[in-house]
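S.K.: Quick one: this structure, given as structure tokens, is what I'll be asking you about.
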Amino acid sequence: MKILTCAYLCALLMLSNLVYAQQTSSLAISSAGFSGFFNLDSSEGNDGIFSNWELSGKISFEELGFFHDRLDPRQHNNYVSFAIEPELYREWDNGKQSFTFVPFYRYSQHDSQRTHFDIRELTWLLAEQDWELRTGIRKVFWGVTEGIHLVDIINQTDLVENNDGEDKLGQPMINLALIRDWGTVDLFLLLGFRDRTFPGIEGRLRSFPEVSVSDATYASNGAAKHLAYVLRWSHTLGDWDIGLSHFYGMSREPTFNLRLSPTGTPQLIPHYALINQTGLDVQLTYESWIFKHEAIVRSGQEKTFYASASGIEYTFYDLFSSGLDLGIVVEYMYDSRGANHLSAPLQDDFLTALRFAFNDVQNTEILAGILFDRRNNTQFFNIEASRRLGDSFKIETEIRFFNSSVKTDPVYSLRHEDHIRIDLSYYF
Amino acid sequence: MKILIKSVISSFIGLSVLQASYAQTPEQKGLEIAQQVERRDSGWQDATVTIKMILRNKQGDESTRDIQQKILEVDEDGDKSLTVFNQPRDIKGTAFLSFSHIVNPDDQWLYMPALKRVKRISSSNKSGPFMGSQYAYEDLASFEVGKFSYKYLRDEMLGATDSFVVENTPLYEYTGYTRQVVWIDKERYIPLQIKYYDRKNDLLKTSHFIDYQQYLGQYWRANTQLMENHQSGKTTELLLTDYQFKTGLTPRNFDKNSLKRMR
């Protein structure tokens, strides 16, 4: 494994074993970008560079426990872990410019792949009247549905964090947003491809056979691997919020090739293809109803395919004058790659969920849902609850059950992975 | 003859004017007071304010929220506002963008910083509590004459201040109130106290506006607002500081892009 110096980080971080540096070695943002911005800053005179920094963030302790015994003797039934995610922020120029730095580190017992470091954000932002320039490492989210995030493509999934795929790795980029009466046009140049993270051999919630991350293959190397180009138009028209995007670059989602390792054990080797993906996301918000739809067409990765997610959400606000909001979510997910495709577990599936927001002082929330396949009896049960404790702590719990008797279904390898996750965070 | 006619006409006009003011219905008088309140508080263009919200329960336990708010005055419609939370820390950076309308539903977006997600949210949520406080979303919306029908009830001294007492009935949907009774300072045309009656027409809450300060020689803002819930015994206090007006904000400061970077 090569450990490379990462010049453009301005030596802000002296961390070895930099997952980040290994993966973005061919990045070439000149350090002039950042030093220029510091000079600009110090010219403010009375407002020196060392003043007005805001430090905040969280430290969390996590317990992950499994209800069924491991399938592989190298795995464990219980994992403790902690993570730290501070945020350093400063704004100047009347709020028109800002700098944000968010490093992240997790230590996980047993699972060496889950013990990892990442830079979630390292961004300089300049906002003018009709454009915004955002340069550096960032996270961008697009989309409207809850069961699956099809359109959201900028950042790589940090799958070791959580199997729901909502955690993302920081993505280096230059993003120019043009703000016009007829909508916002976002132009992205993404610099540096990031491999998806997968649990290690000792980790749970992994596939059988295991994924060998370091043997990943790419449809192309060099600039074609590391540069991606993205265009997005988004606009609000009355009750409608619409987004239309196109991505050209290395797919964030791999396909897998099965092979035997030198020791004769089967392994899944991720393969990243060069793709074109067009995405549409639409939401109509009408009284207590939300209608949402996401659709993508992707070409370049196996056969061209189409996937969509559509749903309805209805919320009973302030139920019986108790302050409780009860939301009902129903979504349908379709993927033309069909059943038994490893990358498309939600190819003909429904999500039904209830969302309780108590609107109390502790901000108690519960989300309970079932994802189920329309044809076979594969099911995924999910309960998430969170509550603030005092002013600075928050406790979050996830309970997840997988039910699959169909050996060819991608969820089948998770049949022993029913688990509870308890996360206690301190915010500062 | 000419002179006589003139004087007859003028006395007739004088009489009818007198008649009109005499025959003014409580509804007309209530509406006139509301229009005066709105007229005297228009023209401030935009404002920024820092809010400390203190929630207290019956036992006296306290919880605090720190909020920054920017407001843009919009002619002929409800105001635009951008609200961002700094405390408690677990919701730091959570921001709320609202384009309020007079009777039509508002347009609202919520930004969740952990997910970097902007979500359009339903504006049917009028009566629900704002951040666990005793303020409902509708209590914090900008005052627009067209949102209510009015009925003047009486004149009354509230403490040492001579005031009009007016009953406001919400005309918008999803309200939690049958009516609100408002005490308005006769001299300054500003609310001093509001009593809120729930869907069963029982007294639910009283809002007090304390320690008014005048800005730009015209606009009055209360430095403290206190909401008491008579049914639960809980209170919420708002401490409003650092008021600034005409800071040059434009609609651009109230779009989805600025929602994501507001602090």
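Chains as they are written, first to last, in my numbering: chain Z, 448 to 875; chain B, 3 to 265. For each residue, glycine too, the CB sits at the ideal point set by N, CA and C.
Using Cβ-Cβ distances below 7 Å, what residues of the segment 822-836 of chain Z are close to chain B?
M.R.: R835
S.K.: Tell me, to the nearest whole angstrom, how far the beta carbon of Z:G747 is from that of Z:E778; I am working on the premise that it is less than 8 Å.
M.R.: Contact doesn't hold; Cβ gap of about 27 Å is too wide.
S.K.: Looking at B:K82: is its Cβ nearer than 7 Å to the Cβ of B:F247?
M.R.: Not closer than 7 Å, so no.
S.K.: From the DSSP output, in three-state form, read off Z:D765 for me.
M.R.: coil
S.K.: Could you run through the segment 46-80 of chain B and flag, in chain order, every residue whose CB is less than 9 Å away from some CB of chain Z?
M.R.: Listed by position along the chain: L57, N59, D63, S65, T66.
S.K.: Helix, strand or coil, according to DSSP, for B:V105 in the structure here?
M.R.: coil
S.K.: Is Z:N541 buried or exposed, if buried means 16 or more other CB atoms sit within 10 Å of its CB?
M.R.: exposed
S.K.: If the cut is a Cβ gap below 7 Å, which residues of chain B does Z:T762 touch?
M.R.: Think of a sphere of 7 Å around the beta carbon of Z:T762: the chain B residues whose beta carbon falls inside it are S124, in chain order.
S.K.: Taking the alpha-carbon positions, what's the Z:A756 to Z:K739 distance?
M.R.: 8 Å
S.K.: Please return the same chain residues whose Cβ sits closer than 6 Å to the Cβ of Z:L731, not counting the five positions on each side in sequence.
M.R.: D686, W687, F738
S.K.: My parser needs the alpha helix (DSSP H) runs of 4 or more residues fully inside the segment 132-175 of chain B; what are they?
M.R.: none
S.K.: Going by C-alpha to C-alpha distance, which of B:K258, B:I104, B:W185 sits closest to B:E169?
M.R.: B:W185
S.K.: Go through its chain and collect everything with a Cβ distance to Z:V607's Cβ below 6 Å, but skip five positions before and after it.
M.R.: Counting only Cβ-Cβ distances below 6 Å, and skipping sequence neighbours, we find Q560, R561, T644, P646.
S.K.: Using only the alpha-carbon positions, how far apart do B:L33 and Z:L793 sit?
M.R.: 57 Å
S.K.: Using the beta-carbon of each residue, which ones in chain B are nearer than 9 Å to Z:N810?
M.R.: P90, D92, I93, M133, G134
S.K.: Could you say if the segment 568-578 of chain Z and the segment 706-721 of chain Z meet the contact criterion of at least three C-beta pairs nearer than 8 Å?
M.R.: no
S.K.: Would you call the segment 789-805 of chain Z and the segment 814-826 of chain Z touching, i.e. three or more CB-CB distances under 8 Å?
M.R.: Taking 8 Å as the limit for Cβ pairs, the verdict is that the segment 814-826 of chain Z does touch the segment 789-805 of chain Z.
S.K.: State yes or no: is the C-beta of B:V51 within less than 7 Å of the C-beta of B:Y217?
M.R.: Taking 7 Å as the Cβ cut-off, B:V51 and B:Y217 do not qualify as a contacting pair.
S.K.: Name the residues in the segment 197-217 of chain B whose C-beta lies less than 8 Å from a C-beta of chain Z; which are they?
M.R.: When CB distances to chain Z are screened at a threshold of 8 Å, the residues of the segment 197-217 of chain B falling below it are D200, R201, in chain order.
S.K.: Going by the CB atoms, is the gap between Z:Y536 and Z:V547 shorter than 7 Å?
M.R.: Looking at the sequence itself, residue 547 of chain Z is Thr, so the reference to Val does not match. A contact, by the Cβ cut-off of 7 Å.
S.K.: For a contact meaning CB atoms closer than 7 Å, what does Z:F588 contact in chain B?
M.R.: Residues of chain B whose Cβ lies closer than 7 Å to the Cβ of Z:F588 are, in chain order, L117, K118, R119.
S.K.: So which residues of chain B does Z:G770 contact, with C-beta pairs closer than 7 Å?
M.R.: G130, P131
S.K.: Round the Cβ separation of B:Q89 and B:R58 to the nearest angstrom and send it over; I've been treating them as touching at under 8 Å.
M.R.: Contact flag wrong, Cβ pair sits at about 16 Å.
S.K.: Pick helix, strand or coil for Z:H673, following the three-state DSSP scheme.
M.R.: helix
S.K.: Answer with yes or no whether the minimum CB distance from B:R41 to chain Z is below 7 Å.
M.R.: no
S.K.: Closest to Z:A786 by C-alpha separation, out of Z:D865, Z:V853, Z:L623, would be which residue?
M.R.: Z:V853
S.K.: Does B:R254 come within less than 7 Å of chain Z when only Cβ atoms are used?
M.R.: Interface residue, yes.
S.K.: Taking all protein chains shown into account, decide if Z:M461 is buried (16 or more other Cβ within 10 angstroms of its Cβ) or exposed.
M.R.: Note on Z:M461: pLDDT 32, under 50, position unreliable in the model; the coordinate value appears next. Classification of Z:M461: exposed, given that the 10 Å Cβ count is below 16.
S.K.: Which value, in whole angstroms, describes the spacing of the CA atoms of Z:E760 and B:M114?
M.R.: Taking the straight line from one Cα to the other gives about 18 Å.
S.K.: Suppose you measure from the CA of B:K54 to the CA of Z:I867; what does that come to, to the nearest Å?
M.R.: 37 Å
S.K.: Do we get a CB-CB distance below 7 Å when we pair B:N259 with the residues of chain Z?
M.R.: yes
S.K.: Compare the beta carbon distance of B:K118 and B:L112 with 7 Å and say whether it is the shorter of the two.
M.R.: No; because the gap between Cβ atoms is not below 7 Å, this pair is not in contact.
S.K.: Take Z:R892 and list the residues in its own chain whose beta-carbon comes closer than 8 Å to its own, dropping the five residues that flank it on each side.
M.R.: A question about residue 892 of chain Z goes unanswered here, because the residues of chain Z that appear run from 448 up to 875.
S.K.: The beta strand (DSSP E) spanning B:Q182 covers which residue range?
M.R.: 181-187
S.K.: Kindly indicate the opening and closing residues of the alpha helix (DSSP H) around B:L218.
M.R.: Segment: none, B:L218 is in no alpha helix (DSSP H) and carries neither H nor E.
S.K.: Is B:Y191 helix, strand or coil when you go by DSSP?
M.R.: coil
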